[in-house]
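Participant: Here it is, the structure, as structure tokens.
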Ligand SMILES: Nc1ncnc2c1ncn2[C@@H]1O[C@H](COP(=O)(O)OP(=O)(O)OP(=O)(O)O)[C@@H](O)[C@H]1O
Ligand SMILES: [Mg+2]
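In the numbering used here, the protein residues as written are 1 to 226.
Structure follows, in structure tokens:
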């Protein structure tokens with residue numbers, strides 16, 4: 001039996017504007033076991049990104065508790081949170097957010113260098129990860145010189161080069177065609193099975209459900225299996 005790597009307990013999150021307060025998450029629960037490959041679906045505006053930001057320690061809930069590797073997140077300082085994020089969580093967004101003035105290799109190596117790796121070792125780790133994802137030949141190019149599918153594979157390489165426990169993806173194939181989408185699905189499966197990285201992806205695309213082992217639906221602020 002795998003241990004829980006991430007637990008969300010009774011998470012509440014709302015946003016207030018000058019006009020109204022909307023309650024996005026209204027008691028969301030989720031237990032993620034090490035090695036899980038999970039897809040969370042839900043319509044636009046249902047709170048998928050909000051939930052993933054909390055799961056990735058990019059945002060804190062108003063109420064409820066988040067446990068990463070058994071440690072309660074809400075008790076941590078900002079510095080401790082950044083440290084936990086850098087060591088244990090990889091994040092991929094719908095847009096790749098690669099740095100335009102750096103090579104592909106340096107885009108992947110930079111977070112490792114910031115985390116304290118020696119630059120030479122970081123660049124080697126970057127190349128290794130790019131090869132695993134089949135895009136090592138692009139190492140010297142800039143992000144604007146590669147295709148959208150390649151950009152997303154590089155963004156995934158950047159997220160996993162430091163061997164995180166948890167890979168979180170927010171609609172990573174939203175801008176990709178069918179073939180590139182399938183390539184990304186294959187990559188997620190490979191990272192999950194070969195490296196044991198726990199994967200959680202959110203998407204409104206129900207066609208992607210078969211590529212995952214567990215499926216949850218986000219509805220009216222709560223998660224439901226299937
Ligand atoms: N910073 C914010 N301020 C105010 N409202 C927000 C903010 N961020 C999100 N919302 C609102 O919260 C709700 C949930 O947003 P969220 O981005 O989590 O949905 P989503 O499921 O990811 O949608 P999509 O599929 O379109 O990406 C939406 O109604 C959105 O308008
Ligand atoms: Mg979203």
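Each residue gets a CB set at the ideal place from its N, CA and C atoms; glycine is no exception.
Could you compute how far the alpha carbon of residue 11 sits from the alpha carbon of residue 68?
Facilitator: Locating residue 11 in the chain shown gives position 11, counting from the first residue. Locating residue 68 in the chain shown gives position 68, counting from the first residue. If you take the alpha carbons of residue 11 and residue 68, they lie about 14 Å apart.
Participant: So for residue 94, helix, strand or coil by DSSP?
Facilitator: Taking the first residue of the chain shown as position 1, residue 94 is located at position 94. Three-state result, residue 94: coil.
Participant: Following a CB-centred definition, is residue 203 positioned closer than 6 Å to any heavy atom of ligand 2?
Facilitator: Here residue 203 is taken as the residue at index 203 of the chain shown, counted from 1. For ligand 2, not one heavy atom lies less than 6 Å from the Cβ of residue 203.
Participant: Specify the secondary structure class of residue 211 as computed by DSSP and reduced to three states.
Facilitator: Indexing the chain shown from 1 puts residue 211 at position 211. DSSP, read as helix, strand or coil, puts residue 211 in helix.
Participant: Based on Cα-Cα distance, which residue from 87, 58 and 223 lies nearest to residue 115?
Facilitator: Mapped onto the chain shown, residue 115 falls at position 115. Among 87, 58 and 223, the Cα nearest to that of residue 115 is on 87.
Participant: Could you give the DSSP three-state label for residue 232: helix, strand or coil?
Facilitator: A question about residue 232 goes unanswered here, because the residues of the chain that appear run from 1 up to 226.
Participant: Any heavy atom of ligand 2 closer than 6 Å to the Cβ of residue 46?
Facilitator: Counting from 1 along the chain shown, the entry for residue 46 is found at position 46. No.
Participant: Quick one, are the C-beta atoms of residue 271 and residue 38 less than 7 Å apart?
Facilitator: No answer is possible for residue 271: the residues shown for the chain start at 1 and end at 226.
Participant: Go ahead and pull the three-state DSSP assignment for residue 220.
Facilitator: Looking up residue 220 in the chain shown gives position 220. Residue 220 falls in the coil class under three-state DSSP.
Participant: Are residue 30 and residue 169 touching if we call contact CB-CB under 7 Å?
Facilitator: The residue labelled residue 30 in the question sits at position 30 within the chain shown. The residue labelled residue 169 in the question sits at position 169 within the chain shown. Cβ atoms of residue 30 and residue 169: not closer than 7 Å.
Participant: Mind checking whether residue 61 and residue 13 have CB atoms under 7 Å apart?
Facilitator: Indexing the chain shown from 1 puts residue 61 at position 61. Indexing the chain shown from 1 puts residue 13 at position 13. Taking 7 Å as the Cβ cut-off, residue 61 and residue 13 qualify as a contacting pair.
Participant: Taking 7 Å as the threshold (C-beta atoms), are residue 141 and residue 113 in contact?
Facilitator: As a first step, residue 113 is located in the chain shown; it is residue number 113 there, counting from the start. As a first step, residue 141 is located in the chain shown; it is residue number 141 there, counting from the start. No, Cβ-Cβ distance for residue 113 and residue 141 is not below 7 Å.
Participant: Going by DSSP in three states, residue 146 sits in which element: helix, strand or coil?
Facilitator: Translated into positions along the chain shown, residue 146 becomes position 146. Of the three classes helix, strand and coil, the one that applies to residue 146 here is coil, per DSSP.
Participant: For residue 160, verify whether its CB is less than 6 Å away from any heavy atom of ligand 1.
Facilitator: Against the chain shown, residue 160 aligns to sequence position 160. Outside the cutoff, so no.
Participant: Since I believe residue 108 is in contact with residue 130 (beta carbons under 8 Å), could you give me their beta-carbon distance rounded to a whole number of angstroms?
Facilitator: Numbered from 1 along the chain shown, position 130 holds the residue referred to as residue 130. Numbered from 1 along the chain shown, position 108 holds the residue referred to as residue 108. Sure, about 6 Å apart at Cβ, within 8 Å.
Participant: Please report the residue range of the beta strand (DSSP E) in which residue 4 lies.
Facilitator: Here residue 4 is taken as the residue at index 4 of the chain shown, counted from 1. Looking at the DSSP string, the run of the beta strand (DSSP E) that includes residue 4 is 4-16.
Participant: Taking 7 Å as the cut-off, decide whether the C-beta atoms of residue 96 and residue 183 are in contact.
Facilitator: Taking the first residue of the chain shown as position 1, residue 96 is located at position 96. Taking the first residue of the chain shown as position 1, residue 183 is located at position 183. No, Cβ-Cβ distance for residue 96 and residue 183 is not below 7 Å.
Participant: How is residue 82 classed by DSSP in three states: helix, strand or coil?
Facilitator: Along the chain shown, read from residue 1 onward, the residue named residue 82 stands at position 82. Residue 82 falls in the helix class under three-state DSSP.
Participant: What would DSSP say about residue 225, mapped onto helix, strand or coil?
Facilitator: Position 225 of the chain shown holds residue 225. Correct three-state label for residue 225: strand.
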